[in-house]
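Read the structure below first, then the notes.
Number of protein chains: 2
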Amino acid sequence: MPQPEGTSADLPITDRTGLRRLKERGTHDREAIYAILDEGLLCHVGVNDDTPVVTPMAYARVDDYLYLHGAPGNRTLRLIASGVESCVTVTLLDALVLARSAFHHSMNYRCVMLFGRGSAVEDPEEKLAASAALLEHMASGRSADARMPTESELRSTLIVRFPIGEGSAKVRTGGPKDDEEDLDKPIWAGQIPFDLVARPGIPDERLPEGTVVPPYATRYPSRRPAV
Amino acid sequence: MPQPEGTSADLPITDRTGLRRLKERGTHDREAIYAILDEGLLCHVGVNDDTPVVTPMAYARVDDYLYLHGAPGNRTLRLIASGVESCVTVTLLDALVLARSAFHHSMNYRCVMLFGRGSAVEDPEEKLAASAALLEHMASGRSADARMPTESELRSTLIVRFPIGEGSAKVRTGGPKDDEEDLDKPIWAGQIPFDLVARPGIPDERLPEGTVVPPYATRYPSRRPAV
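Chains as they are written, first to last, in numbering that gives the first Met the number 0: chain A, 0 to 226; chain B, 0 to 226.
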């Protein structure tokens, strides 16, 4: 697979990613960006289709690329494949932050915003590897368990590659930042943390008897790496 | 507050919302759209700032409008306030759908995509009502508990109003849709359902002794309405 230059370095600071506001929350650190991308399940892809269009999509990261896939007729994917400027955003919600004052209410989140131009994946080997990565991103081990795509299925899938070359992460953590004069007020303030929790898998009704239940179907592992 | 025409009717079918693919998953039903908007906590806002930019934001719905807020310098909000075409998308992830074949892997989700032009809220009363709605959207009862914004705080907040006038919802539910010839294969297939679960609130370190703990801080209620 092609590699953008300087893949081990942090992402460059550009006009679009210069983090104009609240600089302390932003980073161009590649590992921090990868950790967020690897934990998320959905991205929101923005393209200009005469007017802005924001579409949720599954994705997977392989090295310095995100892969997106869908039906060959999918307009957003076709636009990305055509090489237009696009934006891919992944957001993880960690907590509501309730301050004493309405003004200082906030959310704790981790977000990656990537800018760039994607391209269609044409090479069958890279398409197959991307298909496997998309399954692995859903559940580690899944690409070995599932029936992998036939040539005909691969032809019926549009896969695009989006470079992780320009972008940044923004992270908010911690409690409310109230004004000093509000601290004595008897108003509850704090965080309400959220977890995305997987329940046990619901087996399809038509599984043959004796089908082995994989571990991710019984107890889906936490997607957040241990700190 | 101004009301778009025909607010009780379903959203119109337009070129942008004609649901080209997988029609069975799409709807223009206003109540279905509201239910998704009212359950979500984050939207992803797409604007064209020379190139597409997708930004996560808190929001609240009041009747047929979404309200977004932030610092007056926030570029995405300023663009929306200027009346450019924008897209607001809210996505709820319900399950991973693991099929026998890689090709039929999918996700269960509920998503609303809205198109239109927003505008800045200038009227102080509407700004105050929107501020209250943004708190109520985070936790029912919060606008009565928190210290509401001063005039100066309201002046330091940019609030925009986005019409719920053109858009659609897309919903996928149910198990995998494998090809008939794969059903006999001994490959586990089914759904892995996800819940966004709130943990008990983490109180701020500097709460005065005796501060009453509101119910949403102890046991944050499920955001999904009972069916």
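For every residue, glycine included, the Cβ atom is placed at its ideal position computed from N, Cα and C.
Asked	Found
Under 7 Å from the C-beta of Asn47 of chain A: neighbouring residues of chain B	Asn47 and Pro51
Pair within 7 Å by beta-carbon distance, Asp28 of chain A and Asp14 of chain A	no
The segment 112-121 of chain A in contact with the segment 193-212 of chain A per 3-pair CB rule at 8 Å	no
Residue nearest to Glu125 of chain B in terms of C-alpha spacing, selected from B:Arg205, B:Val61 and B:Glu38	B:Val61
The ligand SAH heavy atom lying under 6 Å from the CB of Leu91 of chain B	This structure simply doesn't include the ligand SAH, nor any ligand for that matter.
Asp229 of chain A burial status per 10 Å Cβ neighbour count (16 or more: buried)	Given that chain A is displayed from residue 0 to residue 226, the structure contains no residue 229 of chain A and the question cannot be resolved.
Proximal residues to Ser105 of chain B (C-beta, below 6 Å), its chain only, five neighbours per side dropped	Val96
Contact with chain A by His103 of chain B, beta-carbon distance below 7 Å	no
Three-state secondary structure (DSSP) of Leu134 of chain B	helix
Continuous beta strand (DSSP E) assignments of at least 3 residues falling wholly in the segment 24-84 of chain A	41-48, 50-57, 59-61 and 64-69
Any 3 or more C-beta pairs closer than 8 Å across the segment 40-50 of chain A and the segment 70-81 of chain A	yes
Contact list for Glu84 of chain B against chain A, beta-carbon separation under 7 Å	Thr50 and Pro51
Distance between Leu206 of chain A and Leu67 of chain B (C-alpha atoms, nearest Å)	46 Å
The segment 156-163 of chain B touching the segment 140-149 of chain A, judged by at least three CB pairs closer than 8 Å	no
Short Cβ contact (7 Å threshold) for Ile32 of chain A with Ala168 of chain A	yes
Proximity test, Cβ basis, 7 Å: Asp296 of chain A and chain B	With chain A represented from 0 up to 226, any question about residue 296 of chain A goes unanswered, as that position is not in the structure.
At least three beta-carbon pairs within less than 8 Å, the segment 211-223 of chain A to the segment 130-143 of chain A	yes
For Pro207 of chain B, the three-state DSSP class (helix, strand or coil)	coil
Cβ-Cβ distance between Arg222 of chain A and Glu38 of chain A below 7 Å	yes
Short CB-CB distance (under 7 Å) between Gly117 of chain B and chain A	no
C-alpha distance - Gly69 of chain B paired with Val170 of chain B, whole-angstrom precision	30 Å
Proximity of Pro55 of chain B and Cys86 of chain A at Cβ, strictly below 7 Å	no
Contact set for Thr26 of chain A: own chain, Cβ-Cβ below 6 Å, skip 5 residues either direction	Ala168
Whole-Å CB distance - Ala188 of chain B paired with Asp177 of chain B, under 8 Å assumed	6 Å
Per-residue burial, Arg218 of chain A [other beta carbons within 10 Å of its own, 16 or more giving buried]	exposed
Among A:Leu133, A:Phe102 and A:Phe114, the one whose alpha carbon lies nearest that of Ala132 of chain B	A:Phe102
As assigned by DSSP and simplified to three states, the class of Lys169 of chain A	strand
Residue nearest to Glu204 of chain A in terms of C-alpha spacing, selected from B:Ile35, B:Val52, B:Ile186 and B:Ala34	B:Ile186
Residues of the segment 170-198 of chain B with Cβ closer than 9 Å to any Cβ of chain A, in chain order	Gly174, Pro175, Asp177, Asp181, Leu182, Asp183, Lys184, Pro185, Ile186, Trp187, Ala188, Gly189, Gln190, Ile191, Pro192, Phe193, Asp194, Leu195, Val196, Ala197 and Arg198
C-beta neighbour in chain A for Gly25 of chain B, strict 7 Å	no
Pro51 of chain A versus Arg198 of chain B - alpha carbon distance	36 Å
Neighbourhood of Arg24 of chain B by C-beta distance below 7 Å, restricted to the same chain and skipping five residues each side	Lys169, Val170 and Arg171
Rounded C-alpha distance that separates Met112 of chain A from Cys42 of chain A	10 Å
Contact with chain B by Ile201 of chain A, beta-carbon distance below 7 Å	yes
Euclidean distance between Cα positions of Thr75 of chain A and Pro202 of chain B	43 Å
Contacts around Ala251 of chain B, its chain only, beta-carbon distance under 6 Å, and the 5 residues preceding and following it disregarded	With chain B covering only 0 through 226, there is no way to say anything about residue 251 of chain B.
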